[in-house]
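K.L.:
Okay, handing you the structure first.
Spelled out as structure tokens, the structure:
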């Protein structure tokens, strides 16, 4: 049983003070200032007035920035979808693996996840560059076909992989895949297996069992997997910055340039908070899905 | 007959033994590991170019170790990770104990507030820290080491300690409160009970949480990039400036070292808290509901 805080005020105060202080002063205060700035404007060289205008939000909906928002959402959505398709069978395999194999498979998925994000993105660059592994291999195959067919393919031209939207999506899938697999696995793992067996015994195939039994039961896990993948993908800075071209800027890259180069903090703040609002909307939707699912189960 | 006993067909739910899923798993594993493994292999390549193998060498490691600014950045990263881990473990454990032990007004809000640093996009937290350390708490640039890293350490604690709280709370759930009551009945003070009964019980989760915080701190680029002044460079920020336009084996060598450190830390975390430590805070909160 939990104790009422009144029964041990000294202990309660001592234990609560540090985390509460840290959370408020070093997390909520910074965010609150950004929030205040998002309604502000530059006054003179260094001063910023706060809570004076909605212009920053209005500006965010100008076609130029709206297009970047739409593009970011689109890239994050494609990434999430690919992660779901790639990750679902993996989660399924882990769920029904023997305990020992299960631990190893989880480790297999999580190990790259704990590796530095920058290093992982950098490692991808070596594959995608004009003289990277993919193009080198392609060149080699190309020369082989040409040698056999007597120059049928003509001159070799390297594929443009780096600095494209394709590279950004590939990079985002690469770094976010574990985000999707984990929640899927933890839902599938708690699923009642006898229902699957019943479906298979009654003559349904594996594919139809998957779509008619597993997917509906794993609804909440799928929703949280989508959310957990979509949010970081939407706010990603490093991947589009390193792998993307001039037209693959995402919201975070615009925020960075507003803060570090254009020196328009209020506008950057408004963009940041639009990202925060979108995160909260996503969490709210997921909460609703979960409640609906829980209601159905009860 | 012996053939039949050796090859039992896969049971209905033994998906791991079906070849389409095996192929799928293998492809995903290749996708996740090929870039990292080739990065590590080519850090030993005796050539400036990273695509063709030209023999084995330690040259790039030597070069990386002689690169003073790279070493300084690595040292900064380790220092920041060490301090932010120490603070995160203490603060995170306190948060976990308060939430586990007490009923108090505003508990739901505090609990939700702790989850927000985990879900808020990194870039938003980054700009928050940038603004905070520019306007509210300007961090002097010319402080002696390690105080010059203070701003980054504070920022790292802010995103690490909620993760530690998640790990410690999972462990506290298995604590038998009667032990605590027994200690109190036998005359131990609140503080003694905490230190002698509760802390030993949560010790494995403290270690696992510490390793988690350490890795999170070493891993962070975006928030550091926004918090750091022009004179304090961490390893990821340094690597970022080095690879912005080119791929060099020297960076491969430095990255390999960091990957090895991370892998070792992950295995240590596994030893201390099983696979829970791997997934802490990343399984959509499913861990809390067990």
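Chains as they are written, first to last, in the numbering used here: chain A, 1 to 298; chain B, 299 to 588. Every residue, glycine too, gets a C-beta built ideally from N, C-alpha and C.
Between residue 232/A and the rest of its own chain, which residues show a CB-CB distance below 7 angstroms, the 5 nearest in sequence each way excluded?
P.N.:
Sequence index remark: in the first chain, residue 232/A carries index 232 (1-based). If we look at residue 232/A and ignore the five residues flanking it on each side, its Cβ neighbours are 176, 179.
K.L.:
Near residue 372/B, which residues of its chain fall below 7 angstroms by C-beta distance, leaving aside the five closest residues on each side in sequence?
P.N.:
Indexing the second chain from 1 puts residue 372/B at position 74. The answer, listed in chain order, is 533.
K.L.:
For residue 236/A, does the count of other Cβ atoms within 10 angstroms reach 16, so buried, or fall short, so exposed?
P.N.:
Along the first chain, one-based indexing puts residue 236/A at 236. Burial call: buried.
K.L.:
Tell me the DSSP secondary structure of residue 47/A in three-state form.
P.N.:
Reading the first chain from its first residue, position 47 is the one you call residue 47/A. Strand, per DSSP.
K.L.:
Look up residue 374/B in the DSSP assignment and give the residues it is bridged to.
P.N.:
Sequence index remark: in the second chain, residue 374/B carries index 76 (1-based). Paired residues: none, contrary to the question.
K.L.:
For residue 286/A, which of helix, strand or coil comes out of DSSP?
P.N.:
Working through the first chain from its first residue, we reach residue 286/A at position 286. Helix at residue 286/A.
K.L.:
Comparing alpha-carbon positions, which option in 522/B, 429/B, 479/B, 352/B lies nearest residue 263/A?
P.N.:
Position 263 of the first chain, counted from the start, is the residue given in the question as residue 263/A. It is 429/B whose Cα lies nearest to the Cα of residue 263/A.
K.L.:
So with Cβ pairs under 8 angstroms, would you call residue 276/A a contact of chain B?
P.N.:
Within the first chain, numbered from 1, the residue matching residue 276/A stands at position 276. At least one chain B Cβ lies under 8 angstroms of residue 276/A.
K.L.:
Applying the criterion that 16 or more other CB atoms from any shown protein chain within 10 Å of the CB defines a buried residue, is residue 152/A buried or exposed?
P.N.:
The residue given as residue 152/A occupies position 152 in the first chain. Exposed, because fewer than 16 other Cβ atoms sit within 10 Å of the Cβ of residue 152/A.
K.L.:
Would you grab the beta carbon distance between residue 301/A and residue 396/B for me? Rounded to a whole angstrom, and I think it's under 8 angstroms.
P.N.:
Not covered by the structure: residue 301/A. The range shown for chain A is 1 to 298.
K.L.:
Can you check DSSP and say which residues form a bridge with residue 343/B?
P.N.:
The residue given as residue 343/B occupies position 45 in the second chain. According to DSSP, which records beta bridges pairwise, residue 343/B is partnered with 354/B.
K.L.:
In this structure, does DSSP put residue 301/B in helix, strand or coil?
P.N.:
The count along the second chain starts at 1 and reaches residue 301/B at position 3. At residue 301/B the pLDDT is 48, less than 50, meaning the model places this residue with poor confidence and gives no usable figure here.
K.L.:
Using a Cβ cut-off of 8 angstroms (strictly closer), state whether residue 436/B contacts chain A.
P.N.:
To locate residue 436/B, count along the second chain from 1; it is residue 138. It does not: the Cβ of residue 436/B has no partner Cβ on chain A nearer than 8 angstroms.
K.L.:
Express the C-alpha separation of residue 8/A and residue 224/A in angstroms, rounding to a whole number.
P.N.:
For the purposes of this step, residue 224/A is identified with residue 224 of the first chain, where counting begins at 1. For the purposes of this step, residue 8/A is identified with residue 8 of the first chain, where counting begins at 1. Rounded to whole angstroms, residue 224/A to residue 8/A spans 38 angstroms at the Cα level.
K.L.:
Taking Cβ to Cβ, would you say residue 3/A is nearer than 8 angstroms to residue 467/B?
P.N.:
On the first chain, residue 3/A is found 3 positions in, with the first residue counted as 1. On the second chain, residue 467/B is found 169 positions in, with the first residue counted as 1. For residue 3/A and residue 467/B, no; Cβs fall outside 8 angstroms.
K.L.:
Among all the DSSP beta bridges, which residues are the ones paired with residue 4/A?
P.N.:
Here residue 4/A corresponds to residue number 4 of the first chain, with the count starting at 1. Residue 4/A is bridged to 401/B.
K.L.:
Can you check whether the CB of residue 238/A is closer than 8 angstroms to the CB of residue 117/A?
P.N.:
Taking the first residue of the first chain as position 1, residue 117/A is located at position 117. Taking the first residue of the first chain as position 1, residue 238/A is located at position 238. Result yes, Cβ atoms of residue 117/A and residue 238/A sit closer than 8 angstroms.
K.L.:
Tell me, to the nearest whole angstrom, how far the beta carbon of residue 189/A is from that of residue 95/A; I am working on the premise that it is less than 8 angstroms.
P.N.:
Start at 1 with the first residue of the first chain, and residue 189/A comes out as number 189. Start at 1 with the first residue of the first chain, and residue 95/A comes out as number 95. Their Cβ separation, rounded to whole angstroms, is 5 angstroms, which keeps residue 189/A and residue 95/A in contact under 8 angstroms.
K.L.:
Between residue 427/B and residue 520/B, what straight-line distance do the alpha-carbon atoms span, to the nearest angstrom?
P.N.:
Within the second chain, the letter at position 129 stands for residue 427/B. Within the second chain, the letter at position 222 stands for residue 520/B. Roughly 11 angstroms separates the two Cα atoms.
K.L.:
Could you pull out every unbroken alpha helix (DSSP H) segment of at least 4 residues lying fully inside the region 10-68 of chain A, listed in chain order?
P.N.:
29-37, 55-60
K.L.:
Would you mind stating whether residue 229/A and residue 79/A have Cβ atoms separated by less than 8 angstroms?
P.N.:
Locating residue 229/A in the first chain gives position 229, where the first residue counts as 1. Locating residue 79/A in the first chain gives position 79, where the first residue counts as 1. Taking 8 angstroms as the Cβ cut-off, residue 229/A and residue 79/A qualify as a contacting pair.
K.L.:
Using a C-beta cutoff of 8 angstroms, does residue 57/A count as contacting chain B?
P.N.:
By 1-based counting over the first chain, the position of residue 57/A is 57. By this cut-off, residue 57/A is not an interface position.
K.L.:
Let me know if residue 587/B comes out buried or exposed under the rule of 16 or more other beta-carbons within 10 Å of its beta-carbon.
P.N.:
What you label residue 587/B is simply residue 289 of the second chain in a count that begins at 1. With a pLDDT of 35 at residue 587/B, under the threshold of 50, the predicted position of this residue should be treated as unreliable, though the coordinate-derived value follows. Residue 587/B is exposed by the Cβ-count criterion.
K.L.:
Any C-beta of chain A sitting closer than 8 angstroms to the C-beta of residue 327/B?
P.N.:
As a first step, residue 327/B is located in the second chain; it is residue number 29 there, counting from the start. Nearest CB-CB separation between residue 327/B and chain A: below the 8 angstroms threshold.
K.L.:
Residue 269/A and residue 49/A - do their beta-carbons sit closer together than 8 angstroms?
P.N.:
Along the first chain, read from residue 1 onward, the residue named residue 49/A stands at position 49. Along the first chain, read from residue 1 onward, the residue named residue 269/A stands at position 269. Not in contact: residue 49/A and residue 269/A (Cβ atoms no closer than 8 angstroms).
K.L.:
Report all residues from its chain with a CB closer than 7 angstroms to the CB of residue 491/B; omit the five preceding and five following residues, and keep chain order.
P.N.:
As a first step, residue 491/B must be located in the second chain, where it is residue number 193. Taken in chain order, the residues that qualify are 478, 481, 482.
K.L.:
Would you mind working out which of 551/B, 567/B, 524/B sits nearest residue 344/B, comparing C-alpha positions?
P.N.:
Start at 1 with the first residue of the second chain, and residue 344/B comes out as number 46. Of 551/B, 567/B, 524/B, the residue nearest in Cα terms is 551/B.
K.L.:
Around the Cβ of residue 445/B, are there at least 16 other Cβ atoms within 10 angstroms (buried) or fewer (exposed)?
P.N.:
Numbered from its first residue, the second chain carries residue 445/B at position 147. By the neighbour-count rule (16 or more Cβ atoms within 10 Å), residue 445/B is not buried but exposed.
K.L.:
Counting Cβ pairs, one atom from each stretch, are 3 or more of them under 8 angstroms apart for the region 452-465 of chain B and the region 378-386 of chain B?
P.N.:
Because the criterion of three Cβ pairs below 8 angstroms is met, the region 452-465 of chain B and the region 378-386 of chain B touch.
K.L.:
When you compare each of 570/B, 568/B, 569/B, 563/B to residue 379/B by their alpha carbons, which one comes out closest?
P.N.:
Position 81 of the second chain holds residue 379/B. That would be 563/B, whose Cα lies nearest to the Cα of residue 379/B.
K.L.:
Under 8 angstroms between the Cβ atoms of residue 421/B and residue 252/A?
P.N.:
Walking along the second chain from the start, residue 421/B turns up at place 123. Walking along the first chain from the start, residue 252/A turns up at place 252. Their beta carbons are under 8 angstroms apart, which means residue 421/B touches residue 252/A by this criterion.
K.L.:
In chain order, what are the residue ranges of uninterrupted alpha helix (DSSP H) at least 4 long that sit wholly in the region 120-194 of chain A?
P.N.:
Runs of the alpha helix (DSSP H) lying entirely within the region 120-194 of chain A, each at least 4 residues long, are 133-149, 165-189 in chain order.
K.L.:
Got a sec: which bits of the region 121-133 of chain A sit with their beta carbon under 8 angstroms from any beta carbon on chain B, in order along the chain?
P.N.:
Residues passing the 8 angstroms Cβ filter: 122, 123, 124, 125, 126, 127, 129, 131, 132, 133.
K.L.:
For chain B, check one thing: does any of its Cβ atoms lie closer than 8 angstroms to the Cβ of residue 191/A?
P.N.:
Along the first chain, read from residue 1 onward, the residue named residue 191/A stands at position 191. For residue 191/A, no CB of chain B lies under 8 angstroms from its own CB, so it is not counted at the interface with that chain.
K.L.:
Sorted by chain position, which residues of the same chain lie with C-beta nearer than 7 angstroms to residue 138/A's C-beta, five sequence neighbours on each side aside?
P.N.:
What you label residue 138/A is simply residue 138 of the first chain in a count that begins at 1. Excluding sequence neighbours, residue 138/A sits near 159.
K.L.:
Taking the alpha carbon of residue 191/A as the point to measure from, which residue in 170/A, 204/A, 216/A has its own alpha carbon closest?
P.N.:
Here residue 191/A refers to the residue found at position 191 when the first chain is read from its first residue. Answer by Cα proximity: 216/A.
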